[in-house]
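Heads up: the protein sequence lines correspond to chains A and B, in order.
Here the first sequence is numbered in my numbering, starting from 279 and rising by one per residue.
Here the second sequence is numbered in my numbering, starting from 405 and rising by one per residue.
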Amino acid sequence: MSFIAPNFRHPEQGANGLGLRRSDYEGALSTLCAGCGHDSVSAAIVQACFEMDVEPHRVGKFSGIGCSSKTPNYFLNHSHGFNSVHGRMPSVATGAILGNRDLLYIGISGDGDTASIGMGQFIHAARRNLDMLYLVENNGCYGLTKGQDSATADLGSVSKTGVATELYGLDLCALALQSGASLVGRSFSGDKSQLVQLLKTAIAHRGFAFLDVISPCVTFNNTPASTKSYDYAREHIDVAGALDFVPHQSAIEIDYAEGEVQKVHLHDGSELLLEKVGKDAGALDDKTAALAAMNRAQDAGRMLTGLLYLDTELPDLHTVNRTVATPLNQLGQDELFPGLDALEQINAEQS
Amino acid sequence: MRPTNIEDPEYFHRVVDCQYACPAHTPVPEYIRLIAQQRYAEAYMVNWESNVFPGILGRTCDRPCEPACRRGRLGDGEEAVAICRLKRVAADLKGDVGRMLPSAPGEFNGRKIALIGAGPASLTVARDLAILGYELHLFDDQKKGGGMMRSQIPAFRLPERVLMEEVDQILNLGVVTHFNRRIDSLAEVLSQDYDAVFVGTGAPRGRDLEIPGRSEGAANIQIGIDFLASVAFGHTSRIGRRVVVLGGGNTAMDCCRTSRRLGGEDVKVVVRSPFSNMKASPWEKEDAMEEDIPILDNHVPKEFIVEDGVLKAVTFTRIEAVYAEDGRRSLVPIEGLDPVRIDCDDVLIAIGQDNSFPWIERDLGIEFDEWDMPVVDRATFGCGHERVFFGGDSAFGPENIITAVAHGHQAAISIDLLCRDRDVRARPLPTVQQGSQRMGIHQWSYDSPVSDDIRHVVPKADKDRSLEDRTVEVELGFAAEIGYAETQRCLNCDVQTVFDAPRCIECDACVDVCPTDCITFTEPAQSEEELRTRLTAPALEPTQPLYLADGLKTGRVMVKDENLCLHCGLCAERCPTYAWDMQKFLYHVTQAREEPTEPIKWVSVL
């Protein structure tokens, strides 16, 4: 009888730059259904944070309600966390981000939490370009309430209920793009190598990094006619170019022929090498081209994964609001109450 | 690399490291689980069927299983499960197993077998064949059975009652004993009406050390195994105050510790080789040192100093071990150092044992090699004479009890085949039982959680008291509670992770949950070497197999590195389609007359 994970790990499992092992980034043993895609996403987050030398105590995990929103318990056990109200994760995260810009913020949501009850919050978080990773574990159904179709269930997709969906499914990547997110990507829980690269890119990025991860619900929506099943995802994925995330510490020279690879500099000094696919692929920060590529794929019955859009120049909410760089909890009496002289100076400037 | 054939019983057998390393292939995890369930008698019988002497081996086994134990590879000072001491727990707490022991049919089957020597090899043959109705005649020049287990293993390691109990279990099967009877001619034995003769005479001759002073000091220089036998039979009860023991094997350890109990106050072991290369088991060296016996290494004996006809000392040349490029070791004297002189009253020589076959005529058809050893077949244990079989130390030179037992089982099969006019070369295949251990979504029939305990230490008798009386057993054995805690350290490596590719949906749940990163889904590989370089975690132990399965929808393969699998069952618990299952794999070495059958596969309930 378990739910007890052994404490032994592979003795050759090396340490990262901080001297931490991958097991230091793990969380509790998952209580999700066996085979849930969300567990693979958790494992990918563990892997990405481990490889990025992320300090676990400098991470804030935020989530709402749903199977997806349980998962922050299953990774980064030594990080801060807030399991908030259904669909309201962005508000809580906004408060935390404004309060302390030094931490890495990871928001985990699901298609119900984001595309239904939390839609309003989601698009405004994107519009404000909040400096966070916002990851939706998208399985096209409400798994926690027995698998009803969600707002991202594709037209015609058949879940375990046996009834085809009669409404169009929302495309969260398109929504995020339209709403002002500065990084948009899509992946599949069964493609961990791509997902880890995307996560690393999103962690290095400053601004709203949105990842829509197809994460099959084995219990309610892994049926042959479902468009969110393992088999369907594997058969219908088109990759929008291989990603190669080069962290800022390393000085690897990679040989690529001119024009085949697009280089992007990220905020933390890391570099992103992106293989271009097809001659009509536009620049990464070309919103129109990104939308067109997504639409073309959709029309062809395919699912476009990879890094779809990236704008490293778009100012985040801190920049727009000119907020103080110091975390609020580190501001003392003098900074918070600059005194009468300062007030008079401000008033003089305003008049 | 081709997919693994898990239908071949040898594949999963290899995964059960302890059982695979055991010469008799005792199903170790099976009896450890029985001990955990307090089914001591059944645990004892699992041992008894396989290794014949659980109580004896639980104290004296060379334990090839323990260095092989997977637990010892888990890093951070992890040590093997105390397998040998758990065997003793089963023997100590078994109660009365009389009803569980098999009996002889009551009347002989008309076939007569002579067994020369009453040590572990002959006794094993006797047990296997007595149950089948053979008339067995056991010859030994000692007055009781047990062979070297009686004459060479001191009572403080193996109490006589333990030895007698397990020897008698076999003799009580109707074996005709001829003790105090020395066989001087194999030809004479063969001329009688025996259908087969088994030679289990061990390696009875202790090697001597011919250096200056040997003959002059003979009165105080003894061969180690002769000294131990003399003590065991009560002929020797004293030794000098200062004793030097020459040699670095387990016999040397027994000699020095016995000396401490017979009046030796200043006892030293002096060995030619470096300490780390000594043949003695590490725990036997520790036991000796705990009894205030220093071990001086890198000393080569030079001369026995005898003055006025009395042994006064031994001198030694200091050497260092030099290793050639091919790893060959040579002991080179250190220049410029004076010989080391160690004063002593008695010397015991324990530098090795040889076989001795003066009683086997060389015209019987038995071939002898350049070292004067009989040429024995490693599978059948037969030799140039159709009706003669060898086993134990007499077959291939000095080994240990558990090896002698393994030989005995195979020789018994050969003798039985011979007596039934079958081909002795047609060896029976092992039998296997395999079945799912699943009892619920998260429930297994075995203790799947892995205990973090470090290896438990066996308590010992009070040192002063045990040094006073050579019959006081030093090791006390685990109490039931500590024995239980030790059982929980066992990883149940015989509960195999069995993968059914057609069921797999490649969701990665097993890969993600595996604590030791054993599992990888990847593209097929041409060679195993190449595959080992691109697994989830490095597979650095080439002696440990990779389990490869194909037939996945994506065309990838599942690769599992067996090396560090904890057999915790999490892969199977997190598998949504039951593509993984935990199946107990019981590998049984077929014994005499058990008809080899097709491996029985239990049908999984799922």
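Even glycine gets a Cβ: it sits at the ideal position worked out from N, Cα and C.
| said: Here's a check: name, in chain order, each residue in its chain whose Cβ is nearer than 6 angstroms to the Cβ of A518/B, leaving out the five neighbours to either side. | reply: Beyond the five residues adjoining it in sequence on each side, A518/B comes within less than 6 angstroms, by CB distance, of H541, V593, Y598 and V601 in the same chain, given in chain order.
| Any beta strand (DSSP E) of 3 or more consecutive residues that is wholly inside the segment 625 to 696 of chain B | 625 to 627, 646 to 650 and 670 to 674
| field | Beta-bridge partners of I723/B, as assigned by DSSP | value | By DSSP's assignment, I723/B forms a beta bridge with P737/B.
| query | Whose C-alpha, out of A889/B, E890/B and E966/B, is nearest the C-alpha of T920/B? | reply | E966/B
| Are A508/B and L577/B close, meaning C-beta to C-beta below 7 angstroms? | Taking C-beta atoms as the reference points, A508/B and L577/B count as a pair closer than 7 angstroms.
| said: Please tell me whether G313/A has its Cβ less than 7 angstroms away from any Cβ of chain B. | reply: yes
| CA-CA distance, G462/B and F882/B? | Cα to Cα, G462/B sits roughly 11 angstroms from F882/B.
| query | Within 7 angstroms (strictly less), CB to CB, does I909/B reach chain A? | reply | Chain A contact via Cβ: present.
| Between R611/B and D758/B, is the Cβ-Cβ spacing less than 7 angstroms? | yes
| Using the beta-carbon count (16 or more within 10 Å), is Y446/A buried or exposed? | exposed
| query | If we call anything under 7 angstroms between Cβ atoms a contact, is N607/A one with N499/A? | reply | no
| said: Quick check on this structure: which residue in A431/A, C451/A, Q426/A and D432/A has the alpha carbon closest to the alpha carbon of A439/A? | reply: What sits at residue 439/A in the sequence shown is Thr, not Ala. The shortest C-alpha separation from T439/A is found at Q426/A.
| Who are the near neighbours of N378/A in its chain, counting only those whose CB is closer than 7 angstroms to its CB and skipping five residues on each side? | P605, L606 and N607
| query | Near C911/B, which residues of its chain fall below 6 angstroms by C-beta distance, leaving aside the five closest residues on each side in sequence? | reply | none
| request: For P368/A, name the three-state secondary structure that DSSP assigns. | output: helix
| task | With a threshold of 16 other CB atoms inside 10 Å of the CB of N599/A, please say whether the residue is buried or exposed. | result | Residue environment: N599/A is assigned as exposed (fewer than 16 neighbouring CB atoms within 10 Å of its CB, all protein chains considered).
| Chain-ordered chain B contacts of D522/A [CB-CB under 8 angstroms] | In chain order: nothing, as chain B lies at least about 17 angstroms away.
| C-alpha gap between K557/A and T566/A, whole angstroms | Confidence in K557/A is poor, its pLDDT being 45 and thus under 50, which makes the residue's placement too unreliable to answer from.
| query | In terms of residue numbering, what span does the beta strand (DSSP E) encompassing V792/B cover? | reply | V792 to F794
| Which residues does DSSP pair with M962/B in a beta bridge? | F925/B and A953/B
| said: Tell me the rounded alpha-carbon separation between E977/B and Y850/B. | reply: Distance from the CA atom of E977/B to the CA atom of Y850/B, rounded to whole angstroms, is 14 angstroms.
| task | Would you kindly report the start and end of the unbroken alpha helix (DSSP H) that includes T566/A? | result | K565 to D577
| field | Residue-chain proximity (T605/B, chain A), Cβ-Cβ < 7 angstroms | value | No, no contact with chain A.
| query | Just by C-beta distance, which residues in the segment 416 to 430 of chain B are closer than 8 angstroms to chain A? | reply | Taking 8 angstroms as the cut-off between beta carbons, none of the residues of the segment 416 to 430 of chain B comes near chain A.
| message | Just to make sure I have the definition right: I need the residues of chain B whose C-beta is within less than 9 angstroms of the C-beta of T510/A. Which are they? | response | Reading the sequence as shown, one finds Tyr at residue 510/A and not Thr. What Y510/A touches in chain B: nothing, since even the nearest Cβ is about 12 angstroms away.
| message | Based on DSSP bridge pairs, tell me the residues matched to G418/A. | response | Under the DSSP definition of a beta bridge, G418/A lacks any partner.
| task | Mind reading off the beta-carbon distance from G973/B to W848/B? Whole number of angstroms is fine, and I expect it under 8 angstroms. | result | Indeed they touch by this definition, with Cβ atoms about 5 angstroms apart.
| said: Helix, strand or coil for D558/A? Go by DSSP, reduced to three states. | reply: For D558/A, the predicted structure reports a pLDDT of 49, less than 50, and the residue's modelled location is therefore unreliable. A value from the coordinates is still provided. The DSSP-derived three-state label of D558/A is coil.
| message | Please report the distance separating the alpha-carbon of E613/A from that of F353/A. | response | Roughly 36 angstroms separates the two Cα atoms.
| request: Pull up the DSSP beta-bridge partners for G385/A, would you. | output: F340/A and Y412/A
| request: Please list the partners that K470/A has in chain B, where partner means a Cβ-to-Cβ separation under 7 angstroms. | output: In chain order: D912.
| query | Given a threshold of 16 other Cβ atoms within 10 Å of its Cβ, counted over all protein chains shown, does T309/A qualify as buried or as exposed? | reply | By the neighbour-count rule (16 or more Cβ atoms within 10 Å), T309/A is not buried but exposed.
| In chain B, what lies closer than 7 angstroms to E290/A by C-beta? | A941, P942 and L944
| request: Give a yes or no on whether the C-beta atoms belonging to D532/B and Q814/B are separated by under 7 angstroms. | output: Cβ atoms of D532/B and Q814/B: not closer than 7 angstroms.
| query | For G606/B, which three-state DSSP category applies? | reply | coil
| Contacting residues, own chain, Cβ-Cβ under 7 angstroms from R484/A (five flanking each side not counted) | Beyond the five residues adjoining it in sequence on each side, R484/A comes within less than 7 angstroms, by CB distance, of D409, H545 and D594 in the same chain, given in chain order.
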